[in-house]
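Notes to accompany the following structure.
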Amino acid sequence: MRQGPWQVSIRVGDGWSQQPAGRAEPPRPAAWTGDNAGVGEQAQRRYLPVDDPRRLLIRRAAFGTLVASAIFVVFTATKLIKPIYVHAPWFNDPYDTVFSFTMFFVPLVAVGLLVEVSLSRRSEPLPIDRVVSILRGCRVAVGAIVVEVLSAWIALALGADRPRWTDGATGLLIAVLVLCTLVTARVIADLVRVPQLRRPQSPDSGQAADWLADLVSVASRESHLLGPLRGPGLTALAWIDRNVMNEVRRHPLLAAAFVSAVFGVAVFAFQGIREGYAMSVTLMAMGLGFCGMFAFLVVAGSYLGVARRTSALNGVQRRAIDASVAACILAITALAFRDYLWWAVGSDPSAARPFQLASLVGGAALSSFVVVFAAETLLRSHHLADR
């Protein structure tokens, strides 16, 4: 696995400074700039030549995903405009829970995808490792959009909160939903047409960089925007790559937990204060915000290769992580469908109190953790994983 930051020489002022970079750029033999003749067999397995017809399909899917994500951001931003959002069919749970989390998930993936796309140039061979990362980013972003779009259409079909609907606000929301649906459907069709590619298996494939390294590479490339502060900026970037990014790679789960805790406090504490929640409800909302983001970061981050560990988890540790992710997902699910689950804690929607909600959510999380951990232990899952 990647042990440390890769280095490239970048001109700074009158001298040369060693700075961090992302994925190693492919070699550029003269033959690759024209008809791609003379490309070695190994290079053909690791790169898509400039004139490869698959690149057009990949480019169309990637940019289509970014457009769909931008429209989705506009769609979900309506939640911040209360005079409009109160008239949405998806204003209440379970639909609002899906809305509240996907509005953060999609932009997060889109930013990473934009970084990956910015490192891909038409005039150069395209590393297949990066292509796989781009396509996976597209699938995750589109998948999250599809979940929210389906949830919104279900709310609309069932006439949820029908008394609140108005021609103006509700009509506007439905119009944006239709646009988002059509663009997303087109992107799905483009993704289906893209040929399946696998990461190249080579002796140094374990040293392939991750999304964090690519982010550092783009930041280094764009450092000229700092003007006279470029030198100090590159020095700070090198320190971040050496000390922060490598620590994230060594402890990705702790990093995911930290980011999730910040998300829970920043977003849901603010919401609790703004909407006048009781302290107990605000703390519970913060915890649920942590659960939602943590589950997403662990599952999506592992699939995308955001931070590649220097060693794989297996045994009890891996089973505990799987069970924790399942517990987080079930906690959010219990929150979303609480009006149908109050019977489990001997209550109903009219009589339920924060204690009953905590019991319902906590019980669902604990039960799922125990079931998943026990099942994987009995099946000896991940016993020899990735050795």
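For what it's worth, our numbering labels the leading residue of the sequence shown as 1172, then goes sequentially. The beta-carbon is built from N, C-alpha and C at its ideal position, and this holds for glycine as well. On a predicted model such as this, the values are computed, not experimentally measured, just so you know.
Query: Would you list, in sequence order, the uninterrupted alpha helix (DSSP H) runs of no fewer than 4 residues that lie entirely inside the stretch 1394-1441?; Result: 1401-1410, 1417-1421 and 1423-1434
Query: Would you mind reading off the limits of the alpha helix (DSSP H) that contains residue 1498?; Result: 1486-1507
Query: Kindly indicate which three-state DSSP category residue 1448 falls into: helix, strand or coil?; Result: coil
Query: I need the straight-line Cα distance from residue 1465 to residue 1216, nearest angstrom please.; Result: 35 Å
Query: Could you tell me the boundaries of the alpha helix (DSSP H) in which residue 1235 lies?; Result: 1225-1248
Query: How big is the Cα-Cα spacing for residue 1343 and residue 1518?; Result: 37 Å
Query: Report the rounded CA-to-CA distance for residue 1499 versus residue 1479, giving the unit in angstroms.; Result: 23 Å
Query: Run through the DSSP bridge pairs and tell me what residue 1218 is partnered with.; Result: 1298
Query: Output the distance between the C-alpha atoms of residue 1368 and residue 1495, rounded to the nearest integer angstrom.; Result: 31 Å
Query: Give me the Cα-Cα distance between residue 1195 and residue 1289, rounded to the nearest whole angstrom.; Result: Here the model assigns residue 1195 a pLDDT of 45, short of 50, so the residue's position is not dependable, and the following value carries that caveat. Roughly 14 Å between the two C-alpha positions.
Query: Identify whether residue 1330 lies in helix, strand or coil by the three-state DSSP scheme.; Result: coil
Query: Under 6 Å Cβ to Cβ from residue 1540, same chain only, skipping five residues before and after it: list those, please.; Result: 1494 and 1498
Query: So, for residue 1280: in the same chain, excluding its five sequence neighbours on each side, which residues have a beta-carbon less than 8 Å away from its beta-carbon?; Result: 1240, 1308, 1311, 1312, 1315, 1471 and 1475
Query: Assign residue 1395 to one of two classes, buried (16 or more other C-beta atoms within 10 Å of its C-beta) or exposed (fewer than that).; Result: exposed
Query: Within the continuous alpha helix (DSSP H) that includes residue 1343, where are the two ends?; Result: 1340-1364
Query: Could you tell me which of 1237, 1361 and 1371 sits nearest to residue 1300, measuring between CA atoms?; Result: 1371
Query: Going by Cα to Cα distance, which pick from 1272, 1278 and 1221 is closest to residue 1238?; Result: 1278
Query: Would the beta-carbon of residue 1434 fall within 9 Å of that of residue 1275?; Result: yes
Query: In the structure shown, what three-state DSSP assignment does residue 1278 receive?; Result: helix
Query: What's the gap between the Cα of residue 1351 and the Cα of residue 1548?; Result: 43 Å
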